[in-house]
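Colleague:
Residue numbers (the numbering used here): 18 to 127.
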């Protein structure tokens, strides 16, 4: 599942970058995050990143396991250097925490 802001970020990528990232998502969904064919890495806490690349960019998407096999992508971006900018990590984590707190609040209301 993509957060709506992550979906917008996906469609803001160039057509080539978007196709590469969608292929990575398809592999993730079909093979799972533990497959050696899917390039993932732990970022911080329960936040992970799915990694792929195009001819001109490294492409990243931050995600976390939400509930019973549902994985949520919080932030998608392209980068030209090997190091992930701290601002991108902070944005992915902030969206992750916001979704968790919103979901927790709605569950407590029921």
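All C-beta atoms, glycine included, are put in the ideal place defined by N, C-alpha and C. These figures come from a predicted structure and were not determined experimentally.
Is residue 69 helix, strand or coil by DSSP?
Modeller: Within the chain shown, the letter at position 52 stands for residue 69. Of the three classes helix, strand and coil, the one that applies to residue 69 here is strand, per DSSP.
Colleague: For the region 37 to 45 against the region 96 to 112, do three or more pairs of beta-carbon atoms, one drawn from each stretch, fall closer than 8 Å, so that the two count as touching?
Modeller: Because the criterion of three Cβ pairs below 8 Å is not met, the region 37 to 45 and the region 96 to 112 do not touch.
Colleague: Compute the Euclidean distance between the alpha carbons of residue 114 and residue 66, then round it to the nearest angstrom.
Modeller: The residue labelled residue 114 in the question sits at position 97 within the chain shown. The residue labelled residue 66 in the question sits at position 49 within the chain shown. Each residue's alpha carbon lies about 16 Å from the other.
Colleague: Which term fits residue 78, buried or exposed, when burial requires 16 or more other beta carbons within 10 angstroms of its beta carbon?
Modeller: As a working mapping, residue 78 is identified with position 61 in the chain shown. Buried, since its Cβ has 16 or more Cβ neighbours within 10 Å.
Colleague: Starting from residue 87, trace the beta strand (DSSP E) both ways and give me its first and last residue.
Modeller: Here residue 87 corresponds to residue number 70 of the chain shown, with the count starting at 1. Taken as a continuous stretch (DSSP letters only), the beta strand (DSSP E) holding residue 87 covers 87 to 96.
Colleague: Should residue 76 be listed as close to the ligand GDP, given that the test is whether its C-beta is under 7 Å from any heavy atom?
Modeller: As presented, the structure is devoid of all ligands, the ligand GDP included, so that no description of it is given.
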